[in-house]
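Read the structure below first, then the notes.
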Amino acid sequence: MSKGKWNKKAVGLLAGLVVVAVLTVTAVFFLRTPAPGEEESGSSESGQSIVLSNQATENVVSVQIQVAYGDYTVQVDENGDAYIEELSGYPRNENGLYSVLADASNITAKQLVEENPGDVEKYGLKDPLSVATITYKDGSVFVLKVGDTAPQNRGVYVQTQDGNVYLMDEYNIYGLISPMTEYVERRLVPPLESSTEVVESCKTAGLKKITIGGALREQPIEITFDKESGTFYMVSPVKRRLSEEGIDKLGGIFGVYASHVVNLEPTAQDITAAGLDDPETLITLEYADQTLALRLDGKDKDLLSAMRSDVNILYDLDMSTISFMEYTYTDLLADAYIVDSQDEIASLEITLGGKTYTLVPGDAPTLNGAAVEAEPFAQMMEMALSARSEGERTQKVSGEPEMVMTVRLKDQAREPEVLKFYYDGVRSYDVDCNGSITSYIKASFVEKLGEALEALSKGESFSVSW
């Protein structure tokens with residue numbers, strides 16, 4: 008088989024057949040169905056399976072498969088591992104290759120349809136979909152031809168070398184009718200150890216940075232990962248720590264699986280036609296020991312085109328299988344401006360109304376160097392940390408901010424968080440978070456926070472609601 012593109016018919020036949028390892032996907036799209044009302048001859052189903060070939064998987068020496076997309080042979084090396092010589096150098100779909108050996112070792116029919124029929128065309132066996140020639144260690148050879156789907160999708164017509172026609176379940180022959188490209192690994196991004204424990208899994212994987220760029224974004228989203236603290240921190244286009252929800256969304260990038268291998272040797276023209284010379288989305292994952300980039304584009308197509316940076320293979324995948332294609336940076340940010348807990352904060356400095364208030368938490372909390380009671384101090388910190396975005400806003404502001412909050416963290420490797428609040432004249436404040444206006448907050452927050460700070464400095468009670 009050539010290593011070029013599949014033709015359109017081949018791609019269509021493969022639609023929906025993507026879960027090789029568990030062999031649960033039907034091969035209906037591969038199979039040609041006879042005209043409605045066409046009846047098979049021969050015996051009726053008895054509920055008893057018919058063993059056509061029964062060998063141990065390790066007894067399979069080779070499986071030659073002749074299909075419309077080209078011929079190839081699955082062989083077994085001295086270690087018992089299956090391989091296809093033409094795919095040398097490509098990442099292998101190990102589970103898929105094993106499924107070929109499994110399907111070739113135990114071949115069982117569900118019904119004898121007709122013994123030595125004179126006319127096999129009605130079963131789709133004159134020009135079969137696939138011919139599998141299986142060689143076993145004892146020197147025996149078993150040949151199986153695969154034809155049409157039976158009416159009501161009751162199975163697939165097959166013919167053995169003795170001329171008899173049988174019905175088999177589709178899932179039992181998937182490994183004997185697939186194109187060679189099914190045995191190229193289709194995992195586009197390595198999976199995490201746990202999809203629910205994203206932070207711990209990223210520590211184990213040695214992740215250092217994620218960049219989400221591409222034509223859909225004016226600026227790439229750059230997110231660093233600190234292994235020691237388990238912190239995801241956005242450094243561009245704004246500087247903010249990610250929310251828990253944002254971290255969960257990042258988890259969706261890992262373990263992405265392509266639907267098909269479209270082209271094993273795409274040319275520059277193929278890549279341009281797929282939109283991958285200037286992709287809509289470009290994901291770059293930097294690990295301690297490698298960097299992996301994934302290009303994705305869906306311009307005017309039913310399926311997304313995709314390529315990995317480490318192999319020259321063109322894939323496609325269903326848009327519905329991924330969630331991150333159109334992520335913007337705001338999709339990953341928390342509503343809260345400060346997501347660090349009080350335990351992580353070394354000091355909180357607030358400048359408001361010409362005064363500066365420096366709050367230092369701990370066993371003996373202080374305000375501007377003077378000791379204060381623990382309970383009202385904790386309430387004050389809780390109020391300050393309750394600042395939340397009311398919505399997006401990116402307009403430019405001028406003049407001086409009315410309030411500045413500077414959060415210094417115990418982790419000195421991290422830069423302080425700096426929030427600047429600019430009054431917009433309509434009962435809200437535009438919030439500059441670490442150098443970028445991203446949102447706004449109700450004016451009542453700034454007003455009530457100022458009142459509470461003044462009350463705390465005088466030892467008076469205050470309300471934390473705003």
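Count along the sequence shown from 1, then add 7; that gives the number in my numbering.
We put the beta carbon where it would ideally sit given N, CA and C, even for glycine.
Quick caveat: nothing in here was measured; it's all calculated off a predicted structure.
{"query": "Could you tell me the boundaries of the beta strand (DSSP E) in which residue 353 lies?", "result": "352–359"}
{"query": "In whole angstroms, give me the CA-to-CA distance for residue 45 and residue 151.", "result": "With a pLDDT of only 44 at residue 45, under the threshold of 50, the placement of this residue in the model should not be trusted; the figure read from the coordinates follows. Taking the straight line from one Cα to the other gives about 23 Å."}
{"query": "Measure the C-alpha to C-alpha separation of residue 164 and residue 206 and round it to an integer number of angstroms.", "result": "50 Å"}
{"query": "Quick test of the definition: if touching needs 3 or more C-beta pairs under 8 Å, does the segment 232–240 touch the segment 299–313?", "result": "no"}
{"query": "Among residues of its own chain, excluding the 5 on either side of residue 416, which ones have a beta-carbon nearer than 8 Å to its beta-carbon?", "result": "347, 351, 352, 353, 423 and 424"}
{"query": "Whole angstroms are fine: how far does the CA of residue 128 sit from the CA of residue 192?", "result": "36 Å"}
{"query": "Please report how far the alpha carbon of residue 511 lies from the alpha carbon of residue 185, in whole angstroms.", "result": "This structure cannot settle anything about residue 511, because the visible part of the chain is limited to 8 through 473."}
{"query": "Where do the ends of the beta strand (DSSP E) carrying residue 428 lie?", "result": "424–430"}
{"query": "Under 7 Å Cβ to Cβ from residue 135, same chain only, skipping five residues before and after it: list those, please.", "result": "152, 153 and 154"}
{"query": "What is the rounded straight-line gap between the Cα of residue 48 and the Cα of residue 123?", "result": "Only weak support is given to the placement of residue 48: the predicted model assigns it a pLDDT of 46, under 50, and the question is left unresolved by the model."}
{"query": "Between residue 413 and the rest of its own chain, which residues show a CB-CB distance below 7 Å, the 5 nearest in sequence each way excluded?", "result": "356, 423 and 425"}
{"query": "So is residue 467 buried or exposed if we call it buried at 16+ other beta carbons inside 10 Å?", "result": "exposed"}
{"query": "Are the segment 319–330 and the segment 378–385 touching, with three or more C-beta to C-beta distances below 8 Å?", "result": "no"}
{"query": "Could you tell me which uninterrupted beta strand (DSSP E) segments, each at least 3 residues in length, are contained entirely in the segment 118–200, listed from first to last along the chain?", "result": "118–121, 137–143, 148–156, 163–167 and 172–175"}
{"query": "Suppose only complete runs of 4+ residues qualify. What are the alpha helix (DSSP H) ranges in the segment 69–117, listed by chain order?", "result": "101–112"}
{"query": "Within its chain, find whatever has a CB closer than 7 Å to the CB of residue 87; leave out the 5 residues flanking it on each side and keep chain order.", "result": "65"}
{"query": "Taking 7 Å as the limit between beta carbons, can you name the residues of its chain near residue 142, skipping five residues before and five after?", "result": "68, 69 and 148"}
{"query": "In terms of residues, what are the limits of the alpha helix (DSSP H) holding residue 450?", "result": "450–464"}
{"query": "Tell me, which residues are paired with residue 270 by DSSP?", "result": "321"}
{"query": "Helix, strand or coil for residue 384? Go by DSSP, reduced to three states.", "result": "helix"}
{"query": "Would you check if the distance between the CB atom of residue 448 and the CB atom of residue 392 is smaller than 7 Å?", "result": "no"}
{"query": "From the DSSP output, which residues share a beta bridge with residue 66?", "result": "Answer is none; residue 66 lacks a bridge partner."}
{"query": "Of all the options 441, 364, 407 and 420, which has the alpha carbon lying nearest to the alpha carbon of residue 456?", "result": "364"}
{"query": "Fully enclosed by the segment 228–276, which alpha helix (DSSP H) runs are 4 residues long or longer?", "result": "251–258"}
{"query": "Taking the alpha-carbon of residue 283 as reference, which of 121, 72 and 313 has the nearest alpha-carbon?", "result": "313"}
{"query": "Is residue 199 closer than 7 Å to residue 261 when the C-beta atoms are compared?", "result": "yes"}
{"query": "In chain order, what residues of the same chain lie with their CB nearer than 6 Å to the CB of residue 104, ignoring the 5 residues before and after it?", "result": "89 and 190"}
{"query": "Tell me residue 332's beta-bridge partners as DSSP assigns them.", "result": "Residue 332 is not bridged to any residue."}
{"query": "How should residue 131 be labelled, buried or exposed, when 16 other C-beta atoms within 10 angstroms of its C-beta is the threshold for buried?", "result": "buried"}
{"query": "Per DSSP, what kind of secondary structure is residue 45 in: helix, strand or coil?", "result": "Any reading at residue 45 is ruled out, since the residue's pLDDT is 44, under 50, leaving its predicted position unreliable."}
{"query": "Between residue 380 and residue 358, what straight-line distance do the alpha-carbon atoms span, to the nearest angstrom?", "result": "21 Å"}
{"query": "For residue 406 and residue 428, I'd like the C-alpha separation in whole angstroms.", "result": "11 Å"}
{"query": "Under the rule that 16 or more other beta-carbon atoms within 10 Å means buried, what is residue 95, buried or exposed?", "result": "exposed"}
{"query": "Over what stretch of residues does the beta strand (DSSP E) that includes residue 468 continue unbroken?", "result": "Unbroken run through residue 468: none, as it is neither H nor E."}
{"query": "Exposed or buried, which one is residue 125 when buried takes at least 16 other CB atoms within 10 Å?", "result": "exposed"}
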